[in-house]
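Here the sequence shown is numbered in our numbering, starting from 7 and rising by one per residue.
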Amino acid sequence: MSNYKPLQGMEVPRYAGLATFFRLPINENPSSSEIDIGIIGVPWDGGTTNRPGARHGPREVRSASSLVRLYHPVSLKSPYDVSKVADLGDCSVNPADLKDSLSRIENFYTNINKLGIKPISIGGDHLISLPILRGIVKDKPLGMFHFDSHTDTWDSYFGGFKYTHGTPFRRAIEENLLDPKRIVMLGIRGSLYDPKDLDWAKEKGVTIITIDEFFKYGINKSMEIVKKVIGNNDAYLSFDIDGIDPTFAPGTGTPEVGGFTVRESQGILRELSNINFVGADVVEVSPPFDVNNQTSLVAANIAFEILCLMTKTSGKL
Ligand code: MN
Ligand code: MN
C-alpha cells in the first residue's frame, strides 16, 4: 500500500488513470489503525420514493473528484499531510432487497468502526444514513449537522412503510442513534404534504433553520446557533445535495427551488471547523438527472470541504 497520497497531477494527467475518490489509493481490505479516514461509495437508492438514480452517484463522483486538487484554497493546508485517507471501495448492497441492503450497510460500517476508521460516504439516497449510523454509533447518540431542503423525519410512506429516504432521521432518533437536542437541520424549504410536517422533529427538540430564517439571521448568527446546539461532543454531518439550488445541482431526485448557491454552501461548511465530526455523508446525487456532470462535480468539492473539516484543514483554522 502506498503512502495514502493522491496521484499527482504533475505526474499522471488528472483525466487519466482509474477513477478513485480524489485519486487516492484504493484499499478494499483495510486493517486496524492503518487508515484514519475512509471514503466509501454506497451505490444504493432503494429508499427512493420519487425519481431514482442515486445508485449511480459513487461512480460519477469518483470521476468528477479527479478535478479536486490537494490543498484547501483558504487554509492552504492539505488533509493528506495530516491524515491517512483512502478510497475503501463500494459497500456491498442488494438492489433487489431493502432489508438485506440495510443489514449489509450496517455490517460494513460496524467493521469500519471497529478498525477506528472515520467514514465519509458518498451515496446513494438518504436512507443510507440510517444503517451507517447503526454501524458507527456504539456508546451514546451523536449530534448532527444536517444540510438538506427536507427534514427526512416523516414517519412512513404508502400506508406504514417505515424505511424510505424521507424517514432516516425519525428512525435514527427513535433508535437513540442521534440526540435530537444536538441536531441542527439547515436549509429546509419547499412545499409540504401537511402544515404539521415539521412538528414531530421540533417536538423532539431538533433545531430547524429554514432557508428563509437563514437569510433573515445571516450566516454569522445562523452558524453561531449551529455550533451552540451541536456543542463539543461527537457529531455526524449529513449533506443532501438537494440543499443546494437545482440550478447548481440539478442531478438529484427531489429538487427544491430557492436553495443555497454552491458558494454559500462552502461558506457554511467552513464555519463548522470546531465541531468534532466522526463521520459524514454526501447523498442524493442522481447522475441520470444531471447536466454535464455538474452535480457530481459539486458533490466532489463538497466532500473535499468535509474531508478538510474532519482533518481540521478547512479554511477557518
Ligand atoms: Mn432532500
Ligand atoms: Mn435528504
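Using N, Cα and C, we set each Cβ at its ideal position, and we do this for glycine too.
A residue is called buried once 16 or more other Cβ atoms fall within 10 Å of its Cβ, and residue 276 is buried on that count. Rounded to the nearest whole angstrom, the C-alpha separation of residue 312 and residue 247 is 13 Å.
Distances from the alpha-carbon of residue 310 to those of 18, 73 and 102 put 73 closest.
At least one heavy atom of ligand 1 lies closer than 7 Å to the C-beta of residue 246.
Residue 262 has its CB no nearer than 7 Å to any heavy atom of ligand 2. CA-to-CA, the gap between residue 181 and residue 245 works out to about 21 Å. A straight line joining the alpha-carbon of residue 142 with that of residue 278 spans about 21 Å. Just measuring C-alpha positions, the residue of 217, 284 and 178 sitting nearest residue 242 is 284. The beta carbon of residue 154 sits closer than 7 Å to at least one heavy atom of ligand 1.
Between residue 131 and residue 53, the C-beta spacing is below 8 Å. By the CB criterion at 8 Å, residue 252 and residue 265 fall inside the cutoff. Residue range 283-289 is occupied by the beta strand (DSSP E) that includes residue 286. Remark: three or more beta-carbon pairs, one from each stretch, lie closer than 8 Å, so the segment 155-163 and the segment 183-197 are flagged as touching.
Taking the C-beta atoms as reference points, residue 15 is found no nearer than 8 Å to residue 292. Pairwise C-beta distances place the segment 159-178 out of contact with the segment 75-88, as fewer than three of them are shorter than 8 Å.
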